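Numbering (the numbering used here), first residue to last: -8 to 146.
Quick reminder that beta carbons are idealized off the backbone N, C-alpha and C, glycines included.
This one's a predicted model, so the numbers in the text were calculated from it and none came from an experiment.
Heads up: the structure comes next, in structure tokens.
What follows is the structure, encoded as structure tokens:
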């Protein structure tokens, strides 16, 4: 059966134009993470690695930042905990609560993902030209600032 583009790709909506680079980047990052010995890491785990604070985060904070249900985030956190990527420690501000924090192994995965992402960006800069890549990055940063609800300078 013939593979066809979806309608958003046919009309080149902004979503389609943003999605392809993101999907390519995600595939490159997680393929390299897996081939580097972390076979149990999946792209969904990025929701933990991306939003976790260096000093630890509560489950509710992770879920809110990732725009996921607490139950879905808990599933990811439990998996990563059982595989040694995160640990749970008492929250010093609330004895009833727990903080989720990356272990050394979790920090290694997080840093690897960042490094691979930078390598992919450098490859794209070589293909597009550094000037165009810098312009793209600047425009995306500006758009992110405008759209980010957590940004106090939101227009």
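Just tell me which of 73, 133, 39 has its CA closest to the CA of residue 57.
Position 66 of the chain shown, counted from the first residue, corresponds to residue 57. Residue 39 is the option with its Cα nearest to residue 57.
When the Cβ atoms of the segment 7 to 16 are set against those of the segment 24 to 37, are three or more pairs found closer than 8 Å?
Judged by pairs of C-beta atoms under 8 Å, the segment 7 to 16 does not touch the segment 24 to 37, as fewer than three such pairs exist.
Entirely within the segment 72 to 118 and at least 3 residues each: give me those beta strand (DSSP E) ranges in chain order.
Within the segment 72 to 118, the complete beta strand (DSSP E) runs of at least 3 residues fall at 77 to 82, 85 to 93.
By DSSP's criteria, residue 27 is part of a beta bridge. Which residues make up the other side?
Within the chain shown, residue 27 is the residue found at index 36, counting from 1. Its beta-bridge partners do not exist; DSSP assigns none.
Do residue 42 and residue 53 have their beta-carbon atoms positioned less than 8 Å apart in this structure?
Stepping through the chain shown from its first residue, residue 53 is reached at position 62. Stepping through the chain shown from its first residue, residue 42 is reached at position 51. In contact: residue 53 and residue 42 (Cβ atoms closer than 8 Å).
Can you name, in chain order, every residue of its own chain whose Cβ lies under 6 Å from the Cβ of residue 116, other than the five neighbours on each side?
Numbered from its first residue, the chain shown carries residue 116 at position 125. Counting only Cβ-Cβ distances below 6 Å, and skipping sequence neighbours, we find 124.
Using 10 angstroms around the beta-carbon of residue 76, count the other beta-carbons present and answer buried if the total reaches 16, otherwise exposed.
If you number the chain shown from 1, residue 76 lands on position 85. Looking at its Cβ environment, which holds 16 or more other Cβ atoms inside 10 Å, residue 76 is buried.
Should the segment 101 to 116 be called in touch with the segment 57 to 72, which here means at least 3 C-beta pairs below 8 Å?
As far as the Cβ criterion goes, the segment 101 to 116 does not touch the segment 57 to 72, which means the pair count is below three.
By Cβ distance below 8 Å, which residues in the same chain neighbour residue 64 in space, the five residues on each side in sequence not counted?
Counting from one through the chain shown, the residue named residue 64 turns up at place 73. Taking C-beta separations shorter than 8 Å and ignoring five residues to either side along the sequence, the partners of residue 64 in its chain run 38, 39, 50, 53, 54, 57, following chain order.
Could you tell me which uninterrupted alpha helix (DSSP H) segments, each at least 4 residues in length, are contained entirely in the segment 33 to 64, listed from first to last along the chain?
Whole alpha helix (DSSP H) segments, 4+ residues: 37 to 42, 50 to 57.
The alpha helix (DSSP H) with residue 3 in it runs from where to where?
The sequence position of residue 3 within the chain shown is 12, counting from 1. That residue, residue 3, is in no alpha helix (DSSP H); it is neither H nor E in DSSP.
Simplified DSSP state of residue 139, which is helix, strand or coil:
In the chain shown, the residue the question calls residue 139 occupies position 148. Reduced to three states, the DSSP call for residue 139 is coil.
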